[in-house]
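As numbered in the working numbering, residues 25 to 254 make up the sequence shown, in order.
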Amino acid sequence: MHQIQYGTKQITFSITEKKRKTIAVEVHPDTSVQVKTPFDCSINDIKKVVSKRSRWIITQQKFFEQFLPETPKREYVIGETHKYLGRKYILKIEDSNENKVKIRGSFIVIKTQNNNTDNIKHLMTEWYYKRASKIFEKLYEEAHRNFTQYKIQKPELQIKRMKKRWGSYTSSDKIVINPELIKASSACIKYVMIHELCHLIERNHSKRFYNLLENIAPDWKHWKIKLEKM
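Take a look at the structure:
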């Protein structure tokens, strides 16, 4: 993924190389931005075109945003369901002198004296982040082992909240993963990591990129669909 700055907004876009003469910019209904380019087009030339179309891109994204399905508003009350590693758990709140979150059977149990919505949300968000920090490291090791034959480096793993992305490979040589992904299954998480690691070999979403992804993770489309339904 690539990015440019437009005022206070950051525009993230993917690049797809095709047999064509011009650079085309498309905004999809999910608000993602795709740039179709001729082969061997420089990133500087691509960014110049995207920069010129920035206002149009933002306008298109705002138009599509009004049709996106709304995420159900969380109330953080007893009996509400929340996902963790692909499974649904029922929220249970228990009065306690300590602030603690744990899995107990089919429940996510929150122990606290302060059971107001903001505090429960804070405790859950903090717990999700801590679990992501621990589990993502293990899954990242497993994902990277798929690339042994390619002898690629192992970029630093960074966990960072993103509004519209599960993961990205940055120009500063980091794999960034959204902690919200901890709600998906381990297989879905590894798919995202493998996808981003593929960018170390093929930077753009070219045919070569998808051939590589298919070779390393033949069932990647299945996990992509699973994520889209979350």
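Where a beta carbon is used, it is the ideal one built from N, C-alpha and C, also for glycine.
Since we're looking at a predicted model, the values are computed, not measured.
Report yes if the C-beta distance between residue i and residue j is below 8 angstroms; otherwise report no.
i	j	result
residue 221	residue 167	yes
residue 201	residue 160	yes
residue 144	residue 132	no
residue 59	residue 37	yes
residue 47	residue 61	yes
residue 193	residue 25	yes
residue 141	residue 99	yes
residue 218	residue 240	yes
residue 125	residue 147	yes
residue 51	residue 84	yes
residue 176	residue 157	no
Return the first residue and the last residue of the beta strand (DSSP E) that residue i is part of.
i	result
residue 84	It is not in any beta strand (DSSP E) - residue 84 instead sits in the alpha helix (DSSP H) that spans 78-89.
residue 181	180-183
residue 126	124-128
residue 135	131-136
Please report how far the alpha carbon of residue i lies from the alpha carbon of residue j, in whole angstroms.
i	j	result
residue 30	residue 56	16 angstroms
residue 120	residue 77	55 angstroms
residue 64	residue 195	18 angstroms
residue 205	residue 228	23 angstroms
residue 236	residue 244	11 angstroms
residue 66	residue 42	14 angstroms
residue 34	residue 214	26 angstroms
residue 127	residue 190	24 angstroms
residue 149	residue 116	15 angstroms
residue 86	residue 249	24 angstroms
residue 207	residue 180	22 angstroms
residue 253	residue 188	14 angstroms
residue 164	residue 178	9 angstroms
residue 32	residue 79	12 angstroms
residue 209	residue 107	9 angstroms
What did DSSP end up calling residue i once you bin it into helix, strand or coil?
i	result
residue 208	coil
residue 173	helix
residue 115	strand
residue 153	helix
residue 41	strand
residue 101	coil
residue 195	coil
residue 32	coil
residue 72	helix
residue 145	helix
residue 187	coil
Going by DSSP, what residues sit across from residue i in a beta bridge?
i	result
residue 160	DSSP lists no partner for residue 160.
residue 62	42
residue 51	57
residue 26	37
residue 108	111
residue 200	182, 192
Cβ-heavy atom distance between residue i and the ligand GDP below 7 angstroms?
i	result
residue 154	The model on display carries no ligand, and the ligand GDP is accordingly not part of it.
Need the endpoints of the alpha helix (DSSP H) that residue i sits in, please.
i	result
residue 238	231-240
residue 226	Here residue 226 belongs to no alpha helix (DSSP H), and DSSP marks it neither H nor E.
residue 248	244-252
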